[in-house]
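> Numbering (this note's numbering), first residue to last: -15 to 265.
Note that beta-carbon positions come from the ideal geometry of N, C-alpha and C, so glycine has one too.
The structure displayed is predicted, hence computed values, not measured ones.
Okay, here's the structure, questions in a sec.
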């Protein structure tokens, strides 16, 4: 992740307004993480040397070209500038090459940009925490619904557990086989990664079988890739299927039975439990 462009632009203005001799500009960069190799090629002496703003531009570009985009030096310079209070009296007061008011204005602008950025980061973090908590609560609610549906269908269930570092949302015994359960109630359809992870958990068990339940369905890609050239071990259940059960159109036992039948007779893992038609993601 690169350093914010608006903050980098303001940092350039601050450096330009704080240092007059070109060697002092280079020294500031060296002090905050620029290597000797990165500054050694700069021509800063004489009339033909780089201008002050050109030195800053070149060194910023050099840092940007690093594999890590120069995050370390940029962060170090930012922290230094945010706390800056030294104005060299020789260049600010005696020679008047630099303007204290302009320098203070640039520094204050930098502090304001950083405050805005910090506030945004905090808000994003709080929003993610709120969303994570909401998803977790929805997940718990879904697990309770599934447990009650299984009870009504007189299906033996196993509560959520961990084994060898794997989190399993539970299991249900159907027709003599234990089906591991992964239950997701998220804002989007289930994507590849969580489905593949669950398929791996299922494959690592004796006669592994699994039910992946995603209230908002599945992406077309994940449905295709899970059955392509592979042994079918995981069946897909979505919110529509659960609503049919909740509304009494069929029991959870019947729903699982019809999905197992579609997988065993047609090789389909994502079907409508009443019509038997393959669902399109």
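1. Is residue 161 helix, strand or coil when you go by DSSP?
2. Looking at the unbroken beta strand (DSSP E) that takes in residue 198, where does it start and where does it end?
3. How about residue 98 and residue -1: are their beta carbons less than 8 Å apart?
4. According to DSSP, which residues form a beta bridge with residue 222?
5. In whole angstroms, what separates the C-alpha of residue 272 from that of residue 16?
6. Taking only runs of the beta strand (DSSP E) that begin and end inside the stretch 70 to 114, which ones reach a length of at least 3 residues, in chain order?
7. In angstroms with no decimal places, state the Cα-to-Cα distance between residue 209 and residue 156.
8. If distances are taken between C-alpha atoms only, which option among 154, 143, 158 comes closest to residue 137?
9. Assign residue 218 to buried or exposed, taking buried as 16 or more other Cβ atoms, counted over all protein chains shown, within 10 Å of its Cβ.
10. Over what stretch of residues does the alpha helix (DSSP H) that includes residue 22 continue unbroken?
11. Is residue 63 helix, strand or coil by DSSP?
12. Could you say if the stretch 86 to 96 and the stretch 40 to 49 meet the contact criterion of at least three C-beta pairs nearer than 8 Å?
13. For residue 100, count neighbouring C-beta atoms within 10 Å of its own C-beta (all shown protein chains included) and say buried if the count is 16 or more, exposed if not.
14. Ordered along the chain, which non-local residues of its own chain (more than five positions away) have a Cβ less than 6 Å from that of residue 169?
15. How long is the line joining the alpha carbons of residue 255 and residue 246, rounded to whole angstroms?
16. Let's test the definition: count the other Cβ atoms within 10 Å of the Cβ of residue 230 and tell me whether it reaches 16, buried, or not, exposed.
Taking the coordinates as given:
1. For the purposes of this step, residue 161 is identified with residue 177 of the chain shown, where counting begins at 1. Strand.
2. Start at 1 with the first residue of the chain shown, and residue 198 comes out as number 214. Note, residue 198: beta strand (DSSP E), 193 to 198.
3. Your numbering for residue 98 matches position 114 in the chain shown. Your numbering for residue -1 matches position 15 in the chain shown. Against a cut-off of 8 Å, the Cβ pair of residue -1 and residue 98 comes out as no contact.
4. As a position in the chain shown, residue 222 is number 238, starting the count at 1. The partner list for residue 222 (beta bridge, DSSP) reads 198.
5. A query on residue 272 cannot be resolved here, the shown segment of the chain reaching from -15 to 265 and no further.
6. none
7. Taking the first residue of the chain shown as 1, we reach residue 209 at position 225. Taking the first residue of the chain shown as 1, we reach residue 156 at position 172. If I take the Cα positions, the gap works out to 25 Å.
8. The residue you call residue 137 lines up with position 153 of the chain shown. Of the listed residues, the one whose Cα sits closest to residue 137 is 158.
9. Here residue 218 refers to the residue found at position 234 of the chain shown. The residue in question, residue 218, is buried, as its Cβ has 16 or more Cβ neighbours within 10 Å.
10. If you number the chain shown from 1, residue 22 lands on position 38. Segment 20 to 24, the alpha helix (DSSP H) holding residue 22.
11. The residue labelled residue 63 in the question sits at position 79 within the chain shown. In the structure shown, residue 63 sits in a helix (DSSP, three-state: H, G or I).
12. no
13. For the purposes of this step, residue 100 is taken as residue 116 along the chain shown, with counting starting at 1. Residue 100 comes out exposed.
14. Against the chain shown, residue 169 aligns to sequence position 185. Excluding residues within five positions, the ones whose Cβ falls inside 6 Å are 122, 123, 126, 199.
15. On the chain shown, position 271 is the one that residue 255 refers to. On the chain shown, position 262 is the one that residue 246 refers to. Their Cα atoms are separated by approximately 7 Å.
16. If you number the chain shown from 1, residue 230 lands on position 246. Residue 230 should be labelled exposed.
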